[in-house]
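Quick notes on the structure that follows.
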Amino acid sequence: MKLHLKIWRQEGPSSQGSFKDYEMEHVSPDMSFLEMLDVLNVDLVGKGETPVEFDHDCREGICGSCALMINGNAHGPETGTATCQLHMRRFKEGDTIVIEPWRAKAFPVIKDLATDRTAFDRIVAAGGFISVNTGNAPEANSILIGHDTAESAMDAAACIGCGACVASCKNSSAMLFVSAKVSHLAQLPQGHPERGKRVRGMVSQMDKEGFGNCSNTGACEAACPKEIKLENIALLNREMLRATFRD
Amino acid sequence: MLDSKIPSGPIETKWTERKFENKLVNPANRRKHTVIVVGTGLAGASAAASLAEQGYKVKVFTYHESPRRAHSIGAQGGINAAKNYQNDGDSVQRLFYDTIKGGDYRSREANVYRLAEVSVNIIDQCVAQGVPFPREYGGTLTNRSFGGTQVSRTFYAKGQTGQQLLLGAYSSLMRQVADKTIELFSRHEMLDLIVSDGRARGIVTRNLTTGEITSHTGDTVVLATGGYGNVFFLSTNAKASNTTAAWRAYKRGAYMANPCFTQIHPTCIPVSGEHQSKLTLMSESLRNDGRIWVPKKQGDNRGPLDISEEERDYFLERMYPAFGNLVPRDVASRAAKRMCDEGRGVGSSKLSVYLDFADSIQRMGEAKVREKYGNLFQMYEKITAENPYKVPMRIFPAVHYVMGGLWVDYNLMSNIPGLFVLGEANFSDHGANRLGASALMQGLADGYFIAPYGVGNYLGSEKLPPIKADNEAVKATTQAVTERLETFKKVKGNQSAGTLHRKLGKIMWDKCGMSRDEKGLKDAINQIKSLKDEFWNTLWVPQNDQCLSSEIEKAGRVADFIELGELMCLDALERKESCGGHFREEMQTPEGETLRDDTNFSHVAAWEFMGDKPKLHKEPLKFEFAHIAQRNYK
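Line order of the protein sequences matches chains X and S.
Start counting the first sequence at 8; every next residue gets the next number (the working numbering).
Start counting the second sequence at 183; every next residue gets the next number (the working numbering).
Below, the structure is given as structure tokens:
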């Protein structure tokens with residue numbers, strides 16, 4: 008099929024960007040969205056033009072690298088799907104596709120569609136861990152955890168840190184990301200000793216990085232490729248409250 | 183002469199013995215030592231965190247935007263450990279034996295025993311970090327079984343085990359970053375190794391966002407830079423996974439061991455067209471409940487549901503009744519290839535076989551199958567637009583892992599003193615074939631429990647002079663990296679590195695893939711030599727390299743892949759036997775199984791870079807504990 012692409016091109020973090028138009032012929036419905044961009048880039052190289060930069064790596068929806076705003080939707084039109092797992096069969100002949108980077112103050116553009124999301128790393132460094140040195144661990148089965156608790160912690164832990172929640176939020180809030188980690192660790196007994204310190208540290212770093220606040224519209228949940236639930240934000244708020252009164 | 187430095191004494195006490203023999207560094211002195219860790223996958227992140235916790239000054243480098251994006255994150259199925267929680271006969275000895283046998287007796291016995299030994303600590307460590315392994319209703323950990331074994335020893339976290347283990351190691355790493363014991367350099371790619379006075383003393387990196395070339399020096403360098411499966415272009419590896427760090431170390435004198443040992447994974451989603459950029463694995467755990475079959479009749483074009491039970495050939499169950507669908511990966515892959523070669527492949531390309539869940543859905547219900555494999559089924563459907571709950575999956579083997587890698591001794595140090603190599607980047611534990619769920623085990627064993635001892639011993643026993651930025655080796659290596667980048671820009675051809683990479687991949691897959699023979703390998707070597715000329719005459723990269731430029735990154739990686747491909751073919755040519763994933767057409771049993779030659783090839787082939795003609799060193803493999811036999815999964 009034939010497609011019209013409107014792609015955000017920006018040379019560097021401090022340069023002014025703009026949309027550029029590209030015409031694609033012969034796009035196969037079996038191609039992934041990123042393979043379609045690969046084809047575009049091979050064509051551009053053939054013409055001696057600079058290819059479009061975009062982040063990607065595993066192409067299996069798990070590394071969290073790919074991050075494209077496609078027609079205004081983070082990761083495109085399919086729910087529960089990262090950009091790399093979106094296939095061109097979701098589009099039809101003659102479609103115009105607008106491709107942009109994540110837009111958020113805390114995620115500055117590096118070039119074209121690639122952004123800097125290291126703010127997430129700094130939030131994790133501010134408390135998103137259990138302090139246990141190598142070699143200190145007790146026998147694994149000495150910590151009993153209920154089946155449902157483990158499943159629920161796993162659901163929260165499935166976050167891939169792609170930043171779609173931030174990109175889709177009108178306030179550029181990182182609450183879904185932060186709450187997923189807080190919720191994963193708060194549900195497990197191993198995470199209890201540090202729960203107050205953790206939530207305070209992560210939330211304060213989140214604010215420092217320039218992410219906005221949550222207004223509970225749920226755009227983040229709708230955009231999340233791993234379908235992380237909004238309830239985690241409620242749990243984050245409870246953890247914060249608990250930390251205020253208890254430790 | 184290669185000295186593997188295996189401790190003396192019985193195999194059960196070797197590791198304990200070595201830990202006691204090791205020199206130590208006083209806690210107050212550790213902060214005076216700088217350790218450079220390259221790579222933040224399971225091995226790199228766990229080693230960096232563990233060394234920093236001990237008090238060393240650690241500098242960590244990754245070409246990813248964040249350490250959490252390293253490709254360990256993609257591992258699906260699980261991690262083995264000899265916990266014997268299922269009371270089904272598992273033990274350290276059995277995990278050791280399964281791994282040695284699975285590797286077709288081409289791994290180093292002492293290393294494998296130690297791996298089995300520390301496997302149990304890994305699970306404890308991960309649970310303590312909050313890795314959400316699934317639990318039984320009583321609260322204890324649960325297991326599943328995997329290929330090449332008859333016990334249930336695999337721990338998992340849905341189909342995202344690698345992700346959860348990596349996030350555990352990453353969180354430990356970030357905790358040390360917050361404590362300022364680790365300095366993290368993300369989007370920095372190692373482009374060369376600094377060897378001064380015969381010792382590894384640093385690396386040269388390119389900052390991928392600014393193009394800046396910088397040298398970083400320290401007392402020791404730890405490479406945990408993964409495998410080179412992308413030499414085949416199409417593989418289940420992430421797009422950026424590459425050989426550059428390892429290959430640069432090779433060109434600085436580190437030996438490359440058994441480079442031709444490649445794992446072809448049997449259960450991957452088949453290629454859909456010319457545009458294909460990578461292949462997606464369907465976890466081996468699916469073979470627990472899925473049954474693999476092809477039509478009995480050649481050229482049967484009916485849909486799978488129209489083919490009756492009697493007309494199907496469940497070929498693995500037929501050929502290997504004892505292990506059935508759970509034979510090791512190399513055996514399952516070759517059997518699938520044989521079916522396709524016989525004209526019984528399915529799908530439009532005829533290059534796939536069915537993996538069918540109908541029986542399991544009937545036995546345990548769709549809901550249970552969904553709970554166990556839901557995310558894998560969903561992923562399959564997204565890629566193929568077919569619903570695996572209704573029609574069987576179609577699968578075909580694909581390159582997944584490399585057992586070969588830089589040569590290391592028992593302490594995980596290469597032949598260059600001060601250079602440690604961990605995880606998939608080294609060669610030591612999986613022989614000629616790796617068992618499922620053992621890569622995660624090895625990565626974390628190396629990083630958490632083995633390398634910290636080796637590094638400590640090295641730093642405790644050597645007197646290293648300080649190394650300054652004006653050191654000759656530092657200056658020369660930095661200069662060499664800068665010049666090499668310039669040469670890419672000077673070619674000014676019209677092909678992208680990716681296009682040339684695809685060509686290399688085709689040569690490798692056709693001639694050095696699932697089966698190999700002398701003529702094919704010789705052809706491949708010639709073809710690769712001409713491809714190398716083509717690369718240096720037709721490459722195009724943007725002239726501006728002072729910014730993010732994936733074309734420049736790829737150019738360097740593809741140039742190294744081309745050279746590595748040639749060495750792999752040479753290694754495959756020299757190894758005139760079949761073992762594990764290395765199948766030489768000329769050497770097979772009448773039933774078409776691998777035929778080892780233990781008299782002539784029971785060794786590690788370690789290659790030394792010598793310009794055009796690499797030199798082969800052999801490390802003999804001695805089996806004192808494991809009983810050496812022909813592998814039998816019947």
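Cβ coordinates follow ideal geometry from the N, Cα and C atoms, glycine included.
(message) Please give the ranges of any beta strand (DSSP E) in the region 345 to 382 of chain S, keeping only runs that are unbroken, at least 3 residues long and fully inside the region.
(response) Entirely contained in the region 345 to 382 of chain S, the beta strand (DSSP E) runs reaching 3 residues are, in chain order, 364 to 367, 370 to 378.
(request) Kindly indicate which residue of G506/S, V476/S, L686/S has the alpha-carbon position closest to the one of E493/S. (result) V476/S is the residue among G506/S, V476/S, L686/S whose C-alpha sits nearest the C-alpha of E493/S.
(message) So, at 8 Å on beta carbons, what are the nonlocal neighbours of R207/X in its own chain, with the 5 sequence-adjacent residues on each side left out?
(response) Only residues of its own chain outside the window of five on either side were considered, and among them G134, M247, A250 have a CB closer than 8 Å to the CB of R207/X, listed in chain order.
(message) Buried or exposed, going by whether 16 or more other CB atoms sit within 10 Å of the CB of I810/S?
(response) I810/S comes out exposed.
(message) Any C-beta of chain S within less than 8 Å: which residues of the region 219 to 249 of chain X qualify?
(response) The region 219 to 249 of chain X vs chain S, Cβ under 8 Å: nothing.
(message) Restricting to runs no shorter than 3 residues, where is the beta strand (DSSP E) found entirely within the region 430 to 480 of chain S?
(response) For the region 430 to 480 of chain S, whole beta strand (DSSP E) runs of length 3 or above, ordered along the chain, are 444 to 450, 473 to 477.
(request) Examine chain X for any beta-carbon lying closer than 9 Å to the beta-carbon of H683/S, and answer yes or no. (result) Residue-level contact check: H683/S does not touch chain X, since none of the beta carbons of chain X fall below 9 Å from its beta carbon.
(request) Classify P510/S as buried or exposed, calling it buried when 16 or more other Cβ atoms lie within 10 Å of its own Cβ. (result) Buried.
(message) Closer than 7 Å between beta carbons: that is the criterion. Which residues of the region 729 to 744 of chain S meet it against chain X?
(response) Within the region 729 to 744 of chain S, the qualifying residues are C729, L730, S732, E733.
(request) Starting from P145/X, find everything on chain S with Cβ-Cβ shorter than 8 Å and list it in chain order. (result) Under a criterion of Cβ atoms nearer than 8 Å, the residues of chain S adjacent to P145/X are, in order, D306, A310.
(request) Confirm, please, whether the CB-CB distance from L617/S to G341/S is below 9 Å. (result) Not closer than 9 Å, so no.
(request) Kindly indicate the opening and closing residues of the beta strand (DSSP E) around M31/X. (result) Residues 25 to 31.
(request) Give the residues of chain X in contact with N676/S, contact being defined as C-beta atoms less than 7 Å apart. (result) Ordered by position in chain X, the residues that pass the 7 Å Cβ test against N676/S are G53.
(message) Only counting the same chain, and skipping five residues up and downstream in sequence, which positions put a Cβ closer than 7 Å to that of Q307/S?
(response) Counting only Cβ-Cβ distances below 7 Å, and skipping sequence neighbours, we find Y630.
(request) Taking only the alpha-carbon atoms, compute the straight-line gap between P579/S and I218/S and give it to the nearest angstrom. (result) The straight-line gap from Cα to Cα measures roughly 36 Å.
(message) To the nearest angstrom, how far is the alpha carbon of H33/X from that of D50/X?
(response) Distance between the alpha carbons of H33/X and D50/X is about 12 Å.
(request) Indicate the three-state DSSP secondary structure (helix, strand or coil) for N262/S in the structure shown. (result) Of the three classes helix, strand and coil, the one that applies to N262/S here is strand, per DSSP.
(message) Can you pull the chain X neighbours of T391/S, defined as C-beta to C-beta under 7 Å?
(response) Chain X residues near T391/S: I117.
(request) Could you check if T418/S is buried or exposed, using at least 16 other CB atoms within 10 Å of its CB as the buried criterion? (result) So T418/S counts as buried.
(request) With distances taken Cα to Cα, identify the nearest neighbour of G380/S among H683/S, D488/S, A252/S, L646/S. (result) The candidate whose alpha carbon is nearest that of G380/S is L646/S.
(message) Whether or not the region 390 to 402 of chain S and the region 716 to 735 of chain S are in contact is what I'm after, with contact meaning three or more pairs of Cβ atoms, one per stretch, closer than 8 Å; do they touch?
(response) Counting C-beta pairs closer than 8 Å gives three or more between the region 716 to 735 of chain S and the region 390 to 402 of chain S, which meets the contact rule.
(request) Could you name the residues of the region 560 to 573 of chain S whose beta carbon sits closer than 8 Å to any beta carbon of chain X, in the order they occur along the chain? (result) Across the region 560 to 573 of chain S, CB contacts with chain X closer than 8 Å involve Q560, M561, K564, I565, A567, in sequence order along the chain.
(message) Let me check understanding here. Comparing Cα to Cα, which of R545/S, G485/S, N507/S, M521/S lies closest to S530/S?
(response) Ranked by Cα distance from S530/S, the first of R545/S, G485/S, N507/S, M521/S is G485/S.
(message) In the DSSP output, which residue or residues are listed as bridge partners for P802/S?
(response) Looking at the DSSP assignment, P802/S forms a beta bridge with H785/S.
(request) Would you check if the distance between the CB atom of I104/X and the CB atom of L12/X is smaller than 9 Å? (result) A contact, by the Cβ cut-off of 9 Å.
(request) Would you decide whether E146/X is buried or exposed? Buried here means 16 or more other CB atoms lie within 10 Å of its CB. (result) Under this definition E146/X is an exposed residue.
(request) Excluding the 5 residues preceding and the 5 following T216/S in the sequence, name in chain order all residues of the same chain whose CB lies nearer than 7 Å to its CB. (result) The beta carbon of T216/S sits closer than 7 Å to the beta carbons of K239, K241, G400, D401 from its chain, once the five residues preceding and following it are set aside; these are given in chain order.
(message) Need the endpoints of the beta strand (DSSP E) that L576/S sits in, please.
(response) According to the sequence displayed, residue 576/S carries Arg and not Leu. Boundaries of the beta strand (DSSP E) harbouring R576/S: 575 to 584, taken from the DSSP string.
(message) Considering only their Cβ atoms, is the gap separating A225/S from L626/S smaller than 9 Å?
(response) Yes, the pair counts as a contact, with Cβ atoms nearer than the cut-off.
(request) Pull up the CB-CB distance for E606/S and G409/S, whole angstroms please, since I reckon it's below 8 Å. (result) Contact holds; Cβ gap of about 4 Å.
(message) Please state the DSSP three-state secondary structure of F278/S.
(response) DSSP places F278/S in helix when its eight states are reduced to three.
(message) Classify T659/S: buried if its beta carbon has 16 or more other beta carbons within 10 angstroms, exposed otherwise.
(response) A buried status is given to T659/S, since no fewer than 16 other beta-carbon atoms sit within 10 Å of its beta-carbon.
(request) Note down, in chain order, every chain X residue with its Cβ under 8 Å from the Cβ of W197/S. (result) Result: empty, since nearest Cβ-Cβ is about 14 Å, beyond 8 Å.
(request) Look at the alpha carbon of A210/S and the alpha carbon of G237/S, and state the distance between them as a whole number of angstroms. (result) When rounded, the distance between both Cα atoms is 8 Å.
(request) Taking only beta carbons into account, state which residues of the region 353 to 366 of chain S come closer than 7 Å to chain B, listed in chain order. (result) The structure shown contains no chain B; the protein chains it does contain are X and S.
(request) Would you kindly report the start and end of the unbroken beta strand (DSSP E) that includes I489/S? (result) Secondary structure note for I489/S: it is in no beta strand (DSSP E), with a DSSP letter that is neither H nor E.
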